[in-house]
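Novice:
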Amino acid sequence: MVVYQTSDLTAASFSVALFGLAATTVLLLMGAAWVGQKWRIPVALCAIAALIGIGSVYEAREAWLAGQGVPVVYHYVGWSISMPLQVIALFFLARTAGTLTAGLFWRLTVVSALMVFVRYLGEAQFMHPTLAFLIGLVFWLYLLGEFYFGRMDDVVRASTGDHLRRGYFWLRLIVTIGWAIYPLGNFLTAFAGMVDDGSLSVAYNVADILNRMAFGIAVLATAFLVTEESARA
Amino acid sequence: MVVYQTSDLTAASFSVALFGLAATTVLLLMGAAWVGQKWRIPVALCAIAALIGIGSVYEAREAWLAGQGVPVVYHYVGWSISMPLQVIALFFLARTAGTLTAGLFWRLTVVSALMVFVRYLGEAQFMHPTLAFLIGLVFWLYLLGEFYFGRMDDVVRASTGDHLRRGYFWLRLIVTIGWAIYPLGNFLTAFAGMVDDGSLSVAYNVADILNRMAFGIAVLATAFLVTEESARA
Amino acid sequence: MVVYQTSDLTAASFSVALFGLAATTVLLLMGAAWVGQKWRIPVALCAIAALIGIGSVYEAREAWLAGQGVPVVYHYVGWSISMPLQVIALFFLARTAGTLTAGLFWRLTVVSALMVFVRYLGEAQFMHPTLAFLIGLVFWLYLLGEFYFGRMDDVVRASTGDHLRRGYFWLRLIVTIGWAIYPLGNFLTAFAGMVDDGSLSVAYNVADILNRMAFGIAVLATAFLVTEESARA
Amino acid sequence: MVVYQTSDLTAASFSVALFGLAATTVLLLMGAAWVGQKWRIPVALCAIAALIGIGSVYEAREAWLAGQGVPVVYHYVGWSISMPLQVIALFFLARTAGTLTAGLFWRLTVVSALMVFVRYLGEAQFMHPTLAFLIGLVFWLYLLGEFYFGRMDDVVRASTGDHLRRGYFWLRLIVTIGWAIYPLGNFLTAFAGMVDDGSLSVAYNVADILNRMAFGIAVLATAFLVTEESARA
Amino acid sequence: MVVYQTSDLTAASFSVALFGLAATTVLLLMGAAWVGQKWRIPVALCAIAALIGIGSVYEAREAWLAGQGVPVVYHYVGWSISMPLQVIALFFLARTAGTLTAGLFWRLTVVSALMVFVRYLGEAQFMHPTLAFLIGLVFWLYLLGEFYFGRMDDVVRASTGDHLRRGYFWLRLIVTIGWAIYPLGNFLTAFAGMVDDGSLSVAYNVADILNRMAFGIAVLATAFLVTEESARA
Numbered sequence: 001m002v003v004y005q006t007s008d009l010t011a012a013s014f015s016v017a018l019f020g021l022a023a024t025t026v027l028l029l030m031g032a033a034w035v036g037q038k039w040r041i042p043v044a045l046c047a048i049a050a051l052i053g054i055g056s057v058y059e060a061r062e063a064w065l066a067g068q069g070v071p072v073v074y075h076y077v078g079w080s081i082s083m084p085l086q087v088i089a090l091f092f093l094a095r096t097a098g099t100l101t102a103g104l105f106w107r108l109t110v111v112s113a114l115m116v117f118v119r120y121l122g123e124a125q126f127m128h129p130t131l132a133f134l135i136g137l138v139f140w141l142y143l144l145g146e147f148y149f150g151r152m153d154d155v156v157r158a159s160t161g162d163h164l165r166r167g168y169f170w171l172r173l174i175v176t177i178g179w180a181i182y183p184l185g186n187f188l189t190a191f192a193g194m195v196d197d198g199s200l201s202v203a204y205n206v207a208d209i210l211n212r213m214a215f216g217i218a219v220l221a222t223a224f225l226v227t228e229e230s231a232r233a
Numbered sequence: 001m002v003v004y005q006t007s008d009l010t011a012a013s014f015s016v017a018l019f020g021l022a023a024t025t026v027l028l029l030m031g032a033a034w035v036g037q038k039w040r041i042p043v044a045l046c047a048i049a050a051l052i053g054i055g056s057v058y059e060a061r062e063a064w065l066a067g068q069g070v071p072v073v074y075h076y077v078g079w080s081i082s083m084p085l086q087v088i089a090l091f092f093l094a095r096t097a098g099t100l101t102a103g104l105f106w107r108l109t110v111v112s113a114l115m116v117f118v119r120y121l122g123e124a125q126f127m128h129p130t131l132a133f134l135i136g137l138v139f140w141l142y143l144l145g146e147f148y149f150g151r152m153d154d155v156v157r158a159s160t161g162d163h164l165r166r167g168y169f170w171l172r173l174i175v176t177i178g179w180a181i182y183p184l185g186n187f188l189t190a191f192a193g194m195v196d197d198g199s200l201s202v203a204y205n206v207a208d209i210l211n212r213m214a215f216g217i218a219v220l221a222t223a224f225l226v227t228e229e230s231a232r233a
Numbered sequence: 001m002v003v004y005q006t007s008d009l010t011a012a013s014f015s016v017a018l019f020g021l022a023a024t025t026v027l028l029l030m031g032a033a034w035v036g037q038k039w040r041i042p043v044a045l046c047a048i049a050a051l052i053g054i055g056s057v058y059e060a061r062e063a064w065l066a067g068q069g070v071p072v073v074y075h076y077v078g079w080s081i082s083m084p085l086q087v088i089a090l091f092f093l094a095r096t097a098g099t100l101t102a103g104l105f106w107r108l109t110v111v112s113a114l115m116v117f118v119r120y121l122g123e124a125q126f127m128h129p130t131l132a133f134l135i136g137l138v139f140w141l142y143l144l145g146e147f148y149f150g151r152m153d154d155v156v157r158a159s160t161g162d163h164l165r166r167g168y169f170w171l172r173l174i175v176t177i178g179w180a181i182y183p184l185g186n187f188l189t190a191f192a193g194m195v196d197d198g199s200l201s202v203a204y205n206v207a208d209i210l211n212r213m214a215f216g217i218a219v220l221a222t223a224f225l226v227t228e229e230s231a232r233a
Numbered sequence: 001m002v003v004y005q006t007s008d009l010t011a012a013s014f015s016v017a018l019f020g021l022a023a024t025t026v027l028l029l030m031g032a033a034w035v036g037q038k039w040r041i042p043v044a045l046c047a048i049a050a051l052i053g054i055g056s057v058y059e060a061r062e063a064w065l066a067g068q069g070v071p072v073v074y075h076y077v078g079w080s081i082s083m084p085l086q087v088i089a090l091f092f093l094a095r096t097a098g099t100l101t102a103g104l105f106w107r108l109t110v111v112s113a114l115m116v117f118v119r120y121l122g123e124a125q126f127m128h129p130t131l132a133f134l135i136g137l138v139f140w141l142y143l144l145g146e147f148y149f150g151r152m153d154d155v156v157r158a159s160t161g162d163h164l165r166r167g168y169f170w171l172r173l174i175v176t177i178g179w180a181i182y183p184l185g186n187f188l189t190a191f192a193g194m195v196d197d198g199s200l201s202v203a204y205n206v207a208d209i210l211n212r213m214a215f216g217i218a219v220l221a222t223a224f225l226v227t228e229e230s231a232r233a
Numbered sequence: 001m002v003v004y005q006t007s008d009l010t011a012a013s014f015s016v017a018l019f020g021l022a023a024t025t026v027l028l029l030m031g032a033a034w035v036g037q038k039w040r041i042p043v044a045l046c047a048i049a050a051l052i053g054i055g056s057v058y059e060a061r062e063a064w065l066a067g068q069g070v071p072v073v074y075h076y077v078g079w080s081i082s083m084p085l086q087v088i089a090l091f092f093l094a095r096t097a098g099t100l101t102a103g104l105f106w107r108l109t110v111v112s113a114l115m116v117f118v119r120y121l122g123e124a125q126f127m128h129p130t131l132a133f134l135i136g137l138v139f140w141l142y143l144l145g146e147f148y149f150g151r152m153d154d155v156v157r158a159s160t161g162d163h164l165r166r167g168y169f170w171l172r173l174i175v176t177i178g179w180a181i182y183p184l185g186n187f188l189t190a191f192a193g194m195v196d197d198g199s200l201s202v203a204y205n206v207a208d209i210l211n212r213m214a215f216g217i218a219v220l221a222t223a224f225l226v227t228e229e230s231a232r233a
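Protein chains in written order, with the UniProt record's numbering: chain A, 1 to 233; chain B, 1 to 233; chain C, 1 to 233; chain D, 1 to 233; chain E, 1 to 233.
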């Protein structure tokens, strides 16, 4: 076993992300059994996104401790599963307030998966980095467009529940801010020729804490508050 | 630990398959508790097929990272369990719409297990590769025949549920297309003397994503939609 | 990690047994929650027997991959737990049809545990191999006697359920045929001086697939069918 | 991996204990959901004692396979958790028949934990071995006194349930006989200067099978029988 | 594997903490399903804090067995998750007795997370140790202030339940005493230049047993007693 030292901030951030994701996973898995029937799917999807995060963060930490830096593919592997899962979780969360078409579901799923895949192609030099960066950006902006101006926003806005509207507002904000770090990191390594000496991994870990933990817990909290609200009404 | 690099597409595809299968397994295991009683068995069987996939993909990835290519037996070991499981899942899915004989169950189970076994015998040179390929092909065509023209198709066609018919249509299509890659890969390595430099494993991983993940999730979605439908009726 | 090749039939049979036992374990653990109250215990015991099989087959495979053959103790360790469990499962299955004495329970448990222990003593040369073989044989015949001519058979015969009788018939047959391979293997290594070059392990794995998987699934299927039957009546 | 041979009785006894504890753990965890509400706690505590046993036996086996004997601390680490758990399980079992004071709970917990701790201090030469042995003996006799002549015995004796009385009788007997091997082993290594060449570990493993497995299963069986009895009444 | 000897008190304390945390985790996870609806969250949070403890204690033990002492970061990684979890558990426990503002929730969460983070910065020399120590102290005192004189104390005091008041009293005491060891250890390493030769880890393990195990079990016991009390009333 490789023992990391107290001053190794990168290893510490990986470990905190690892344990935090484990805590989030168990909480959300238990929470999925506590919330109302409509809310089980979004909570379960967030639990699974956190679970996948445990695996990918663990492997990224192993790579870091092996002393050769963390190839960025270790991050992309986890995102390729967790990002679509979170977009779908937001979809099912909005669907608790009204009907959404299957077409929207497929667009969100495919675009979020392609966004991660195209960025990976650019980072791995299988595609021209600039092109990949721009396509990834377009996909990301499309997703934001759906969240802010699309049918999901309409449905949530029209809902009677106060907590649902507030929950959707915060979740969208987490996705907007938290996911912005990925194109930024992509930009820095692809154009500015930055090599990950550990600081990029720290940034990604902080983003993951926001995106995978705060996002999932916010979904669970929204589910609880909405359930309470409707029980009172 | 062996650290793989960003440009190692084969390792990346193994890792994505690994995490995707883990996500599918947890979702289906949870889903099996959410669907109606008749639907628990097909959903559980798909969950188990995905779970087995985690183990076999993990070991195949380890073999790949050990740097000696992936002996094709690593794929066959997983298929020997997951393929019969999926055929049986389709059987129990069709059985939610009407009675099916135990004889059909046994034929499907035995033929799907033999199909994988015979192909393995060919690949391992325990049997003449051409003969093994042809026998495997016959078994596959028999299964397709049962799915398209057999009693299962009759029962589903006669069902009142719109969603069941559509679900069966898509699942059959996944099996038709997704499973076609296995005889193709078998053909290429057995006749064309192709040696797996990683690209065949990528192809198998993509096929596994389709067969083990998309298939299982489609079964779960069908179960949800049919349950909703019958609740409304 | 040791990578095994496609032509290593012994390693392949270990891996198939491993994944098959994992699939069986999960299916039976889930199934124990689905069957009627009386049936939970036999199904759970079969699930546990399969779970123990995962551990012992995994360790036996590791020993095989380490390249020194599989010391037969690896098989005995698993059997020492799984065989008594299966005998007790059959006892509780028969008990769903009528009362059985606690004395019978203790005789079956002790004799099945001693049967495995005595054979091990013979294989390890702690006891004269011929003597151990003969005592083991007597214990096995005693168990078969109880299954075919004892109180369990009477109780099942007297039951009204068609499916229970048929299930008991098949389970007894599995135990009769599947367990016959163990004294045979014991005989071959103890008397004929056979050294396990892998083929004996293949035979034991095939027997394990029959005894641990088929047995457990047959118990689950019987439980389902009997529950359905009594719901209809 | 270290492969142990068929004639290595110590490794075999560790492996049997390992698999047996795993089987017991799963059975008791499942059983805790099947028994009446009052019985969940004692059954769950026995399940946890068996679970802890898996971990400590696994590590002791690893130490044995590393070829340097098993430092006795590996046994004590497991006992430090499992012995108090079992004493508390017996307390809660007796409490199903009547009220017991919190003071008794605390005395039993503290004395059983101290008994293991003091013996460890003696074995590790942190305390004079004779003194530690004697203090440990006094603690053990105190526990036996509580079981045979204390409030727990009164409560159980006064209970109407036949099965509870019989269950308590057997559990107390298991603790009396099974736990006697620990001060005996302690005596042999501390005074007679015995060095563990594996035979002491075999003895401890046999005792563990009695204490952790038979004890837990007897608690579960008592819970079942009492529940049945009170359902009939 | 590294085998530790009987006289290695540090390794023994790590192992006891490891198995004790595992036992606590399973007990609390099961207990979360047994208590009333309001009590599920605090019990679940304590279960998760214990679960995280398993991971961090395991890794700290591995570091210790690797023979280079335990870098203090291994402790901080676990505390960064478990301390906020326990503060939030206490918050939700008090909330069973009356309404508490979301603002208090956020203050407790953020302050407890910052307390651990600032101490880590000091230990890792990323911040001046004295400054970090003092800021950490202020945060700790703030938390104690909330527990003793804040809204949580008011709410619990005003509650009718005797057991809730007593439970809160003990839990607060555990946090007061048990958490005092952390600033003490921080002080010793940061100012007195103490280097951890194992004895500090022993102290931390004893504190962890108090904080993570006793705390969680006390929450579960309170939940049981309050539920019983309100069932009787």
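For each residue, glycine too, the CB sits at the ideal point set by N, CA and C.
For chain E, check one thing: does any of its Cβ atoms lie closer than 8 Å to the Cβ of G78 (chain D)?
Specialist: Judged by the 8 Å Cβ criterion, G78 (chain D) is in contact with chain E.
Novice: Hey, quick one: how far does the alpha helix (DSSP H) through I48 (chain C) stretch, first residue to last?
Specialist: Here the alpha helix (DSSP H) through I48 (chain C) covers 40-65.
Novice: Quick check: what's the CA-CA separation for I177 (chain E) versus G69 (chain D)?
Specialist: Roughly 40 Å between the two C-alpha positions.
Novice: Does chain D have any CB closer than 8 Å to the CB of W140 (chain E)?
Specialist: With 8 Å as the cut-off, W140 (chain E) does not count as an interface residue toward chain D.
Novice: How would you list, in chain order, the residues of chain D whose beta-carbon sits under 7 Å from the beta-carbon of G44 (chain C)?
Specialist: The residue you asked about is not Gly; residue 44 (chain C) is Ala in the sequence shown. Residues of chain D passing the Cβ test: L27, M30.
Novice: How would you list, in chain order, the residues of chain E whose beta-carbon sits under 8 Å from the beta-carbon of S201 (chain D)?
Specialist: Going along chain E, no residue has its Cβ under 8 Å from S201 (chain D), so there is no contact; the nearest lies around 13 Å.
Novice: Where does Q125 (chain D) fall in DSSP's three states?
Specialist: Coil.
Novice: Tell me which residues share the same chain as Y120 (chain A) and place their Cβ nearer than 6 Å to its Cβ, disregarding the 5 neighbours each side in the sequence.
Specialist: These residues qualify, in order along the chain: Y76.
Novice: Using a Cβ-Cβ distance cut-off of 8 Å, determine whether G20 (chain D) contacts chain C.
Specialist: Yes - at least one Cβ of chain C is within 8 Å of the one on G20 (chain D).
Novice: Go through the segment 86-153 of chain A residue by residue and report every complete run of the beta strand (DSSP E) that reaches 3 residues or more, in order.
Specialist: As far as the segment 86-153 of chain A is concerned, it has no whole beta strand (DSSP E) run of at least 3 residues.
Novice: Suppose the cutoff is 7 Å on Cβ atoms and the five residues either side in sequence are ignored; what does the same chain contact list for Y4 (chain A) look like?
Specialist: The residues are A11, L65.
Novice: In the structure shown, what three-state DSSP assignment does Q37 (chain A) receive?
Specialist: Looking at Q37 (chain A) - three-state DSSP - the assignment turns out to be helix.
Novice: Examine chain E for any beta-carbon lying closer than 8 Å to the beta-carbon of S56 (chain A), and answer yes or no.
Specialist: No, because no Cβ of chain E sits closer than 8 Å to the Cβ of S56 (chain A).
Novice: Tell me the DSSP secondary structure of P71 (chain E) in three-state form.
Specialist: In this structure, P71 (chain E) counts as coil in the three-state DSSP scheme.
Novice: Would you please verify whether the beta carbon of P71 (chain B) is less than 8 Å from any beta carbon of chain C?
Specialist: So, interface residue.
Novice: Measuring only the C-alpha atoms, how far is V175 (chain D) from Y182 (chain D)?
Specialist: Spanning the two alpha carbons is a distance of roughly 11 Å.
Novice: Looking at V156 (chain C) and A94 (chain C), is the spacing between their C-beta atoms short of 8 Å?
Specialist: Yes, the Cβ-Cβ distance between A94 (chain C) and V156 (chain C) is below 8 Å.
Novice: Under 8 Å by Cβ, that's how I've got G136 (chain D) and N186 (chain D) pegged, so tell me the actual separation to the nearest angstrom.
Specialist: The pair is a contact, with the Cβ atoms about 7 Å apart (cut-off 8 Å).
Novice: Residue range of the alpha helix (DSSP H) that A12 (chain C) falls in?
Specialist: First-last of the alpha helix (DSSP H) with A12 (chain C): 9-31.
Novice: How many Å lie between E59 (chain E) and G55 (chain C) at the Cα?
Specialist: Approximately 24 Å between the Cα atoms of the pair.
Novice: Distance, Cα to Cα, F133 (chain D) vs W140 (chain D)?
Specialist: So the alpha carbons of these two residues sit roughly 10 Å apart.
Novice: At least one CB of chain E closer than 8 Å to the CB of Q125 (chain D): is that the case?
Specialist: Judged by the 8 Å Cβ criterion, Q125 (chain D) is in contact with chain E.
Novice: Use the C-beta contact count for G36 (chain E): other C-beta atoms within 10 angstroms, 16 or more gives buried, fewer gives exposed.
Specialist: By the neighbour-count rule (16 or more Cβ atoms within 10 Å), G36 (chain E) is not buried but exposed.
Novice: Report, in whole angstroms, the separation of the C-beta atoms of Y142 (chain D) and V110 (chain D), which I expect to be a contact under 8 Å.
Specialist: With 8 Å as the limit, Y142 (chain D) and V110 (chain D) do not qualify as a contact, their Cβ atoms being about 11 Å apart.
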